[in-house]
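Working notes, structure below.
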Amino acid sequence: MIDLRLLRDDPDRVAAALARRGLGPDDLDRLRHLDERRRALISEVDAARAEQKAASKRIGQAGPEERQGLIDAASELKAKVAALEDELAAAEQEHARVAATIPNLPDPDAPDGEEGEGVVLRTFGTKPTFGFTPRDHVELLEAADAVDLQRAAKVSGARFAYLKGEGALLEFALVRYAIDIAMEHGHTPVIPPVLVREAAMYGTGFLPTDAQQIFTTRDDEFHLIGTSEVSLAAMHMDEVLDPDDLPLRYAGYSPCFRREAGAHGKDTRGILRVHQFEKVELFSFTHPDASREEHERILAIEEEVFSGLDIHAQVVDIPVGDLGASAARKFDLEAWLPGQDAYREITSCSNTTDYQARRLKARMRVVGGDNVLVHTLNGTALAVQRAIIALVEQHQRADGTVTVPDKLQPYLGREILFAR
RNA sequence: GGAGGGUUGGCAGAGCGGACGAUUGCACCGGUCUUGAAAACCGGCGUGCCUCACGGCACCGAGGGUUCGAAUCCCUCACCCUCCGCCA
-14 MIDLRLLRDD PDRVAAALAR RGLGPDDLDR LRHLDERRRA LISEVDAARA
36 EQKAASKRIG QAGPEERQGL IDAASELKAK VAALEDELAA AEQEHARVAA
86 TIPNLPDPDA PDGEEGEGVV LRTFGTKPTF GFTPRDHVEL LEAADAVDLQ
136 RAAKVSGARF AYLKGEGALL EFALVRYAID IAMEHGHTPV IPPVLVREAA
186 MYGTGFLPTD AQQIFTTRDD EFHLIGTSEV SLAAMHMDEV LDPDDLPLRY
236 AGYSPCFRRE AGAHGKDTRG ILRVHQFEKV ELFSFTHPDA SREEHERILA
286 IEEEVFSGLD IHAQVVDIPV GDLGASAARK FDLEAWLPGQ DAYREITSCS
336 NTTDYQARRL KARMRVVGGD NVLVHTLNGT ALAVQRAIIA LVEQHQRADG
386 TVTVPDKLQP YLGREILFAR
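Residue numbering for the first sequence follows our numbering, beginning at -14 and increasing consecutively.
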């Protein structure tokens, strides 16, 4: 949710910032009018309640003979308060509904443009060349029996996979490798709940916006997280944090569940886009003045993780037209996949400034002043399935084996994968 | 799954229909005293919303109800604790 006070005090600035995201002025005008109506009603309700409270107080102090008259008079006030309260509740509901549709103000440094028009800031690693036709990850993994897509389809349907043998070992190695790097940078490893209540989904902004992406349990009111960002962000929901404890840095490892509704026919091959995958996610709660720097920090960790795996990738500054609702700025890492001859997203990190914190009510104590909202940031340290794809495709050899990057060898316990 | 007990400000813990947004202690902040500190004493000290301000309103786990009036009574739900059952 955006800052309503800023919208009130400087509507032109808010409108200009959101115009970059393609938001017309109508929605904002509507929200401002709803805000005015809401505030007017709050004043009316407060005044009516004050009147009623005073009347009730007098009854308590009154003698028995005048009591009944006062009670009768106070009864009339009761109805008036109730009517105004109903009106206010309706106005607030409408206001909240419209407010929820307004995305975060983009960072002034975020580039203009739509999806696919990101700015490549830099590349790292060397783009591999092959003296043979490179295979894609499905050919490589299936030949080594490191993945079983056929049986996963039988058991669970499309977009599921069994990781087996060295495929499974790769996950353990990659996860521990990424967590070690995250820990060196001050992130506490966390295994979070993957089933969460509605409040956590709303607080993090995945509901109602992304309802179609979320799996929900039938008999219990649980939602499966699409990323551990949800459970990590909601950890400090409704809290007032001690500034001395900031920044709070976590590295969550969890499975992630996504319905991928609307992605029919897209990336149907292999394990690039699946309903269930595992991910090590970085999450930070920071002082509002520190979030830009923290964003760069998180991006640097992501680059360290993938350059350490000798993977060639590019860093993309995502344009405002392709930002999620809560992000002010976003950087993606896109690894080159020889099997597709294309750069594909393997990580993503966003600064959501106070947008997510406002919904979560995650604040910071300010001595001698009003408490302020913290800033929240999230980023992928390592998405297992996509990291496996990049790794095996880029490090494959003519015989279908894969060289293991030096830094991963201690975690995997071998130098070559898929040797027969 | 069954039975019982709980949920109050940073923490502990009173309050059980009317002057309670809440006694008190600890913690914390300021002051007096002191060479300095401790102790003692004095004062302050929850959050949010509305208002230029004075001030007002809301919040005692969440939601609903009874009442002129609810932290206090009733209902529903969530969570925590104890015991029994089950279980990795």
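The C-beta atom is built at its ideal place from N, Cα and C for all residues, glycine as well.
- DSSP places Lys264 in the uninterrupted beta strand (DSSP E) bounded by Gln261 to Thr271.
- Counting the other Cβ atoms within 10 Å of the Cβ of Asp307 gives 16 or more, which makes it buried.
- Taking a 10 Å sphere around the C-beta of Pro228, we find fewer than 16 other C-beta atoms and assign the residue as exposed.
- Judged by DSSP secondary structure, Gln299 falls within the beta strand (DSSP E) whose first and last residues are Ala298 to Asp302.
- DSSP places Phe242 inside the beta strand (DSSP E), whose first and last residues are Leu233 to Phe242.
- Every beta strand (DSSP E) of 3 residues or more that sits fully in the stretch 82 to 153 is shown, in chain order, as 104 to 109.
- One alpha carbon belongs to Met222, the other to Ala184, and they sit about 9 Å apart.
- Assigned with DSSP and collapsed to three states, Met186 falls in helix.
- Straight-line measurement puts the Cα of Ala404 at about 47 Å from the Cα of His360.
- In this chain, Phe403 is not harboured by any alpha helix (DSSP H), its DSSP state being neither H nor E.
- Under the three-state reduction of DSSP output, Gln325 falls in the coil class, being neither helix nor strand.
- DSSP places Gly306 in the helix class (H, G or I) of the three-state scheme.
- About 6 Å separates the CB atoms of Glu224 and Ala347; that is less than 8 Å, so the two are in contact.
- Contact between Thr337 and Asp317 does not hold, since the beta-carbon distance rounds to 15 Å and is not under 8 Å.
- DSSP places Phe316 within a strand segment (E or B) once states are collapsed to three.
- With a beta-carbon spacing of about 5 Å, Val104 and Pro96 fall inside the 8 Å limit used to define contacts.
- Its chain contains Met(-14) and Leu358 as the residues whose beta carbon lies nearer than 7 Å to that of Arg343, once the 5 sequence neighbours on both sides are disregarded; these appear in chain order.
- For Pro178, there is no enclosing beta strand (DSSP E), since its DSSP letter is neither H nor E.
- Ranking Asp204, Ile210 and Asp205 by CA distance to the CA of Ala196 puts Ile210 first.
- Under the three-state reduction of DSSP output, Gly45 falls in the helix class.
- Under the DSSP definition of a beta bridge, Asn363 partners with Phe268 and Ser335.
- The three-state secondary structure of Ala368, taken from DSSP, is strand.
- For Arg(-2), the enclosing alpha helix (DSSP H) has its first and last residue at Pro(-4) to Ala4.
- Closest option to Phe117, judged by alpha-carbon separation, among Lys392, Arg15, Gln379 and Ile401: Gln379.
- The distance from the Cβ of Ser239 to that of Pro177 is about 6 Å, consistent with a contact at the 8 Å cut-off.
- Within the model, the alpha-carbon separation for Glu77 versus Leu(-11) is close to 13 Å.
- When secondary structure is reduced to three states using DSSP, Arg343 falls in the helix class.
- For Glu50, the three-state secondary structure derived from DSSP is helix.
- Shown here, Leu55 sits in a helix according to DSSP, grouped into three states.
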